[in-house]
Structure formats: C-alpha cells, structure tokens
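Chemist:
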Amino acid sequence: MIHKLRIAIYSLAALALTAVAAEAAPRVTITYAHCCAPEHTYGVYAHELADRVAELSGGEIKIEVLDGGVMGPEQAIAQKVALGTVQMAGITSNNVAQLAPSLNVLNLPYLNASQDDLTGEHGLLRAGPYRDELNRRVLAESGSLRVIGGFTNAFRSLLAKDACISNIEDLQGLKIRAPKNPVMTAMWESWGVSTYPIDWGETFGAVATGVIDAFDSPTDVVLDLGFHEHIKFITEATYLPLSAVVVINEPFFESLSEEDRAIILQAADETDIAHAEYVQSNKERVHKALVEDYGVTFCELEDPEVWAERAQGAWPQLFALVGGGEDWVDTTVNYRDTGKID
C-alpha cells in the first residue's frame, strides 16, 4: 500500500512539474542578432527589448539574443534577417543600406547636429511619421525588412593609437579603417583619405597588429569592447552620429497574431526611449573610466569648420547613393527641421 502511495505521489509530482514546464515554455521564440558584447550599447538595447517583450507577453514571447556577432558581420546579419534565417536584429544603418539604400540618408555627414535629431522626441529613428515613411521605403527596397526601432550610442569619434587627430592635416598618412559604405567612403575622400574597408569583427585585430592606425566609432567601444588596450587618443567629433535600426523579417512578422505584433511594436517603442536615456547617462561613466583607468587622452578638433565645409560640399555627389535621391534627402531635412512630412 505504501509502495503504491509513493508511486501515486511521484506520478502527481511529475505531472505537476510537466504542467509548470509547459506553462513556462514560450509560445513564440524570436532570434535577435547583433554585433557586440552584452554590456555594449547594442547588447543593452537587445536585452532590454527581450525583457520588455517577455514582460508584456507574460513570458509567452521570448527573444533569444545572439550576442557578440555570432551570426557574422553586420552585412551578413542583415542578409540573414532578409532571408528569415534570423528573425530580428539591431544593425548599424550603413550595413543595412546595401539592401535598402534609403537608409543611406542617415549616413550623410553633418545631417544631424545632435543625438536628439535621431532619438529625441521627434527624432528620425523614433516612432512617428518619418520612421513610418522610412519603413515603407526599406520594405519596398529590401522586400523583407521591416524597421520597428532605432537607436544611437553617440557621434562617431576619431580613435587613434599613437597621437591626437586635432586637424584635418593629421589624417594624412594614417591607415584608417571605415565601414564599407559608399556614402561614408565619399565622406572620407572629401577629407583626402583613402580608407580600409575592414569588417567590424576584424577591426580589433587590425588595430593590434598595426594594419590600421585609426578608425571612427562611438567612444564607448573603446571601453566596452577592449580597444583601450591599443587606442590611446580620442577626438570626439560631430560629423556623424552612429545610427542603428532594429529590423524584423516581414514574412515572419506577418505570420504573428495581431496581438503579438502589437506587443513587439510596443516593446520596441519603449526600448527606444529607455535606451536613449541610457546613452545620455552612460557618457560620463565611459569618459571617467577611460581617463582614470586606462590613461586615454581626449583631444579636440582645431578646425571643425574645415571638416564640415568639405564633407557638406560632397553632398551633391552623394544624392545618387541614397535611395530616393535628393527628394528623400530634402524630405528628411524638412522633417528634422519642422517635424512634418510634406
């Protein structure tokens, strides 16, 4: 009798555990890939989004974050999302532009004067009429990418191994890495520089071995991704804020229920806002650690007007590289200035 009772108890316990496991199992799992470590701003966004989706869905929707570029460089990640191999990703806009050239408008030098122009209340990457139009264009050009969010982590800084970059003449003779993007290549050429289009994942090794002397990226990568081992001079310029878009595979998105789609969109909107606040508060931490812990020197540009004049002078030749051309650039500038889409 006791033996039978034990069996019954064990059976009930097993059933209870099975029920709990079934209840805890997510109904929908979404893979989200990005380039960087979890503690980097790209990772912070990804995990904040995953947490928000889990909370809003009561655990029924799970975003599985693939950190550290495990799905390849960003252009490869963009291709994987377009094909549906990965459902979602946060990718720097210049690395999605090969599939959706309308995004190249975000790479025009000196288009945006502050981070708020991208992620502030009426920023180009915040939910609203401009991003709706941007998404419409990206969908049409790529065939399968929907923009559901966006973020930045600062203006691109000039990051050098051996000396300050204080004026435009300091660029001459340096081996500089830049993203493989035609708009950004033309920007550097306007400053008299031929760049090395090295994949982001190979940049650390290129700096360490002397293949390159400098590159541009937001300052936080020096701290959070370990570049402080080799980068000792940082010039925080204002020619181009990094812009990243959160994209989801459109056929996958449309396969979800209306309720699930609403949860994902709400979570992305809320994460956009929270992440913008995080970026603002993160700057002081980054500067303090780089100076006090790693002996990094912060430099200033002596001739910012020269950089701006040359880069903006190249705009007319860049219109052909932007999907939608000059009309889309004008629409973007008008929205930036007025908050309206004409």
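In mature numbering (1 follows the signal peptide of the UniProt record, and there is no 0), the protein residues as written are -24 to -1, 1 to 318. From the three backbone atoms N, C-alpha and C, an ideal C-beta is built for every residue, glycine too.
#1: When DSSP labels each residue in this structure, what does Glu247 get in the three-state scheme?
#2: Hey, how far is the Cα of Leu115 from the Cα of Pro2?
#3: Looking at the strands, I want to know which residues DSSP matches up with Ala136.
#4: Excluding the five sequence neighbours on either side, which residues of its own chain have a C-beta within less than 7 Å of the C-beta of Leu(-8), listed in chain order?
#5: So what does Val221 bridge to, in DSSP terms?
#6: Can you pull the DSSP bridge partners for Val41?
#7: Hey, how far is the Cα of Ala13 from the Cα of Leu199?
#8: Would Pro85 and Leu216 be called neighbours here (beta carbons separated by less than 7 Å)?
#9: What does the Cβ neighbour count give for Pro292, buried or exposed, with the cut at 16 atoms within 10 Å?
#10: What are the partner residues of Leu150, as DSSP defines its beta bridges?
#11: Across which residues does DSSP place Leu75 in a beta bridge pair?
#12: Helix, strand or coil: which one does DSSP assign to Thr307?
#13: What span of residues does the beta strand (DSSP E) with Thr273 cover, start to end?
#14: Can you give the Cα-Cα distance for Gly181 and Asn71, rounded to whole angstroms?
#15: Give the straight-line distance between the Cα atoms of Lys208 and Leu135, rounded to the nearest whole angstrom.
#16: Tell me which residues share the same chain as Lys38 and place their Cβ nearer than 6 Å to its Cβ, disregarding the 5 neighbours each side in the sequence.
#17: Within the same chain, show all residues whose beta-carbon is closer than 8 Å to that of Val20, passing over the 5 residues directly before and after it, in chain order.
#18: With H, G and I counted as helix, E and B as strand and the rest as coil, what does DSSP make of residue 324?
#19: Since Cys275 and Ile210 are thought to touch, with beta carbons under 8 Å apart, how far apart are those beta carbons, to the nearest angstrom?
#20: For Val198, report the span of its alpha helix (DSSP H) as first-last.
#21: Per the DSSP calculation, Leu121 is bridged to which residue(s)?
Modeler: Walking through what the data contain:
#1: In the sequence shown, the residue the question calls residue 247 occupies position 271. The question names Glu, but residue 247 in the sequence shown is Thr. Helix at Thr247.
#2: Reading the sequence shown from its first residue, position 139 is the one you call residue 115. Reading the sequence shown from its first residue, position 26 is the one you call residue 2. Rounded to the nearest angstrom, the two C-alpha atoms are 28 Å apart.
#3: Working through the sequence shown from its first residue, we reach residue 136 at position 160. Note: Ala136 sits in a beta bridge opposite Ala190 and Phe209.
#4: Position 17 of the sequence shown, counting from 1, holds the residue named residue -8. Residue confidence is low: Leu(-8) scores 39 on pLDDT, short of 50, so the model does not pin down where it sits. Its coordinate-derived value is still stated next. Closer than 7 Å at the Cβ level, and outside the excluded window around Leu(-8), lies no residue.
#5: Stepping through the sequence shown from its first residue, residue 221 is reached at position 245. BP columns for Val221 point to Ile67 and Gly126.
#6: Here residue 41 refers to the residue found at position 65 when the sequence shown is read from its first residue. Answer is Tyr8.
#7: Taking the first residue of the sequence shown as position 1, residue 13 is located at position 37. Taking the first residue of the sequence shown as position 1, residue 199 is located at position 223. So the two alpha carbons sit approximately 12 Å from each other.
#8: The residue you call residue 85 lines up with position 109 of the sequence shown. The residue you call residue 216 lines up with position 240 of the sequence shown. Taking 7 Å as the Cβ cut-off, Pro85 and Leu216 qualify as a contacting pair.
#9: The residue labelled residue 292 in the question sits at position 316 within the sequence shown. That one is exposed.
#10: Within the sequence shown, numbered from 1, the residue matching residue 150 stands at position 174. Leu150 pairs with nothing; no bridge assigned.
#11: Along the sequence shown, read from residue 1 onward, the residue named residue 75 stands at position 99. Answer is none; Leu75 lacks a bridge partner.
#12: In the sequence shown, residue 307 corresponds to position 331, counting from 1. Reduced to three states, the DSSP call for Thr307 is helix.
#13: What you label residue 273 is simply residue 297 of the sequence shown in a count that begins at 1. From DSSP, the beta strand (DSSP E) with Thr273 extends over Thr273 to Cys275.
#14: Taking the sequence shown and counting its residues from 1, one reaches residue 181 at position 205. Taking the sequence shown and counting its residues from 1, one reaches residue 71 at position 95. Taking the straight line from one Cα to the other gives about 20 Å.
#15: One-based indexing of the sequence shown puts residue 208 at position 232. One-based indexing of the sequence shown puts residue 135 at position 159. Spanning the two alpha carbons is a distance of roughly 8 Å.
#16: Against the sequence shown, residue 38 aligns to sequence position 62. Closer than 6 Å at the Cβ level, and outside the excluded window around Lys38, lie Pro2 and Thr5.
#17: In the sequence shown, counting from the first residue as 1, residue 20 sits at position 44. These residues qualify, in order along the chain: Pro14, His251 and Tyr254.
#18: Residue 324 lies beyond the range of the chain shown here (-24 to 318); nothing can be said about it.
#19: For the purposes of this step, residue 275 is taken as the residue at position 299 of the sequence shown. For the purposes of this step, residue 210 is taken as the residue at position 234 of the sequence shown. 7 Å between Cβ atoms; contact.
#20: As a working note, residue 198 is residue 222 in the sequence shown. Start and end: Asp196 to Asp200.
#21: Locating residue 121 in the sequence shown gives position 145, counting from the first residue. DSSP lists Asn225 as partners of Leu121.
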